[in-house]
Amino acid sequence: MSVPNEPTFRESVDLMFNRAVDIMDLPPGLEEKIRVCNSTYTVRFGVRLRGKVQTFVGYRSVHSEHMEPVKGGIRYALGVNQDEVEALAALMTYKCALVETPFGGSKGGLCIDPRQYEEHELELITRRFTYELAKRDLISPSQNVPAPDMGTGEREMAWMADQYARMNTSEINARACVTGKPLHAGGIAGRVEATGRGIQYALREFFRHPEDIAMSGLTGTLDGKRIIVQGLGNVGYHAAKFLCGEDNSVITGIVEWDGALVNPKGLDVEAVRQWIIDNGGVKGYKDAEYVEDGSKVLELDCDILIPAALEGVINLSNAARIKAPLIIEAANGPITAGADDILNDKGCVIIPDMYANAGGVTVSYFEWVKNLSHIRFGRMQRRQEESRHQLVVDELERLDRYLGDAWSMTPDFKSQYLRGADELELVRSGLDDTMRIAYQAMREVWHSRDDVPNLRMAAYLVAIGRVAQSYQAKGI
Ligand code: NAD
-7 MSVPNEPTFR ESVDLMFNRA VDIMDLPPGL EEKIRVCNST YTVRFGVRLR GKVQTFVGYR
53 SVHSEHMEPV KGGIRYALGV NQDEVEALAA LMTYKCALVE TPFGGSKGGL CIDPRQYEEH
113 ELELITRRFT YELAKRDLIS PSQNVPAPDM GTGEREMAWM ADQYARMNTS EINARACVTG
173 KPLHAGGIAG RVEATGRGIQ YALREFFRHP EDIAMSGLTG TLDGKRIIVQ GLGNVGYHAA
233 KFLCGEDNSV ITGIVEWDGA LVNPKGLDVE AVRQWIIDNG GVKGYKDAEY VEDGSKVLEL
293 DCDILIPAAL EGVINLSNAA RIKAPLIIEA ANGPITAGAD DILNDKGCVI IPDMYANAGG
353 VTVSYFEWVK NLSHIRFGRM QRRQEESRHQ LVVDELERLD RYLGDAWSMT PDFKSQYLRG
413 ADELELVRSG LDDTMRIAYQ AMREVWHSRD DVPNLRMAAY LVAIGRVAQS YQAKGI
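If you're matching positions, the sequence shown starts at -7 in this note's numbering and goes up one per residue.
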């Protein structure tokens, strides 16, 4: 999506990078080394489908190898191009640095509309794409580890992991060549919903800081906040589901590719999701007003706007009409650099993509570590933790008997305290911790420097500073 006179997605990323380095004190030349993409590989390959050979174009871009492996999703969409993949790879470098996952940045994409292909055809295409990448070490547990992105998910990651394992039969860590796999194929509990869960944890952390809430003009907590979500795919669906199911927020609008649904009393996220699965889009769904031009719904009154679909959807053509006082960028690059200026001038607080959607790469990191250690998280400690807790409960029960009516354990205490943490709980705890600490690093810079006007600039400063330190430690 582009508007005349507006920088492209890649130019927007560069512009924001340049604004940040202008107020940093980096050694001469280092900023250029950090900014540029190290390499981008373009592959054109043929697959015999429906009686003829079809040629596909794919990319894998490596932005920075200051840490290896490099990490980043693979996107299946018709609009995929070199510029977009390079911009996304750069964002991955900064994102990984911000949330302290020890990876460089990478990104891949295939120009394809996955909806036009049968499952077995997609499998053939994905396996062939993986073969092309593996031949060039662009998928490998130690060098380059892809993950899902728009248009791909667990199914594609399982095919990729299997194809890599077939090509590297003696590689004991083969499963770590890609993350976002299904649980039975080396995945980790909580990865599917990780990015949406990260959005929830990011918003919870934002609402823990009264000073930040005041900057947006909002008050209170997530309870009752009216939210509009664009894109009810993996990220948007999980974010919406957790925010209304666990934090009592109200989803008043859902924007999809074929229009939008609006209901000020709140939409039933599960029912809308099921409707989309059954019907391919939101059109025809009852219990809501249908708006054909979905982009208009981004401009409706709400407390929080969550763009979770495409880049560039908030741009020079509509930024001035956006009413949300708080926007959290679940998608990568949904706000162009020009729109960013307009929204900042209006006082809108933007929680930037680099931080907001880092839940995916964080849990991918946990999955990669799990694959390398060949053991499920919690397997060694869980029962030991339970038996230590049992000792405490036994003592409390003794006290309970001794004190009679004067004291007793509260209901549920015993069952809750006794249970040792399983993998899902550990993953959630690690993700929550990561999202809290990264937010605090950003806000510390935001509030302590007069020349840092917003969270995005703060995020770039923290991330670039860490990448620079890593290069300097290597002597570059
Ligand atoms: P997805 O393919 O699961 O979902 C995208 C959704 O957007 C779909 O429901 C699709 O129908 C909808 N959509 C497409 N065109 C639209 C339009 N014009 N208007 C409104 N909706 C439209 O993709 P996803 O994995 O949820 O990724 C969404 C965004 O989040 C992307 O920018 C991606 O880079 C980013 N992201 C994803 C992850 C992840 O773990 N999946 C991690 C980090 C960032």
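Where is the CB? At the ideal position from N, CA and C, for every residue including glycine.
In this text, all values refer to a predicted model and were calculated from it rather than measured experimentally.
Here's a check: name, in chain order, each residue in its chain whose Cβ is nearer than 7 Å to the Cβ of residue i, leaving out the five neighbours to either side.
i      : result
Ala489 : This structure cannot speak to residue 489, because the chain is shown only from -7 to 468.
Val437 : Val444, Ala450, Leu453 and Val454
Thr85  : His55, Ser56, Gly96, Gly97 and Val459
Leu210 : Asp295, Pro317 and Leu318
Ile320 : Ile191, Ala194, Leu195, Ile296, Ile298, Ile343 and Ala348
Ser400 : Asp392
Cys169 : Ile131, Ser132, Pro133, Val137, Ala153 and Tyr156
Asp250 : Gly273, Val274 and Lys275
Met372 : none
Does the ligand NAD have a heavy atom nearer than 7 Å to the CB of residue i?
i      : result
Thr76  : For clarity, residue 76 is Glu in the given sequence; the question names Thr instead. The answer is no for Glu76.
Asp141 : yes
Leu224 : yes
Thr187 : yes
Trp267 : no
Leu302 : yes
Trp360 : no
Ala280 : no
Asn271 : no
Ala323 : yes
Gly178 : no
Glu146 : no
Arg247 : Per the sequence shown, residue 247 should be read as Val rather than Arg. Under cutoff, so the answer is yes.
Val254 : no
Val437 : no
Asn349 : yes
Gly101 : no
Val227 : yes
Gly216 : no
Gly352 : yes
Gly65  : yes
Gly97  : no
Gly286 : yes
Helix, strand or coil for residue i, going by three-state DSSP, please let me know.
i       : result
Arg52   : strand
Phe234  : helix
Gly191  : According to the sequence displayed, residue 191 carries Ile and not Gly. Three-state DSSP puts Ile191 in a helix.
Tyr347  : helix
Lys99   : strand
Lys315  : coil
Pro(-1) : coil
Gly64   : strand
Asn136  : strand
Ile246  : strand
Pro19   : coil
Tyr33   : strand
Leu253  : strand
Gly422  : helix
Pro202  : helix
Gln74   : helix
Ile164  : coil
Pro106  : helix
Tyr431  : helix
Lys44   : strand
Glu281  : strand
Arg441  : coil
In chain order, what residues of the same chain have a beta carbon less than 6 Å from the beta carbon of residue i, not counting five sequence neighbours either side?
i      : result
Thr426 : Val91 and Thr354
Arg218 : Val242, Thr244, Cys294 and Asp295
Met159 : Ala126
Ala157 : Ala166
Asp129 : Gln135
Ser356 : Ala139 and Thr171
Lys471 : Any property of residue 471 remains undetermined from this structure, which presents the chain solely from -7 to 468.
For residue i, which residues in the same chain have their Cβ closer than 8 Å to its Cβ, ignoring the five residues on either side in sequence?
i      : result
Val45  : Gly38 and Val39
Leu335 : Ile306, Ala311, Ile314, Ile319, Ile327 and Ile342
Ser31  : Ser53 and Val54
Glu78  : Arg2, Cys29, Thr32, Ser53, His55 and Lys99
Leu364 : Pro133, Asn165 and Ala168
On the premise that residue j lies in contact with residue i, defined as a C-beta separation below 8 Å, what is that separation, rounded to the nearest angstrom?
i      : j      : result
Tyr469 : Met434 : With the chain covering only -7 through 468, there is no way to say anything about residue 469.
Pro299 : Ala323 : 5 Å
Gly304 : Gly325 : 7 Å
Gly212 : Val221 : Not confirmed; about 20 Å, so no contact.
Arg411 : Glu378 : 7 Å
Gly50  : Thr187 : That pair is no contact at about 23 Å.
Asp141 : Gly65  : 3 Å
Is residue i near the ligand ZN, with its Cβ less than 7 Å from a heavy atom?
i      : result
Val289 : Of the ligands one can find in the structure shown, namely the ligand NAD, none is the ligand ZN.
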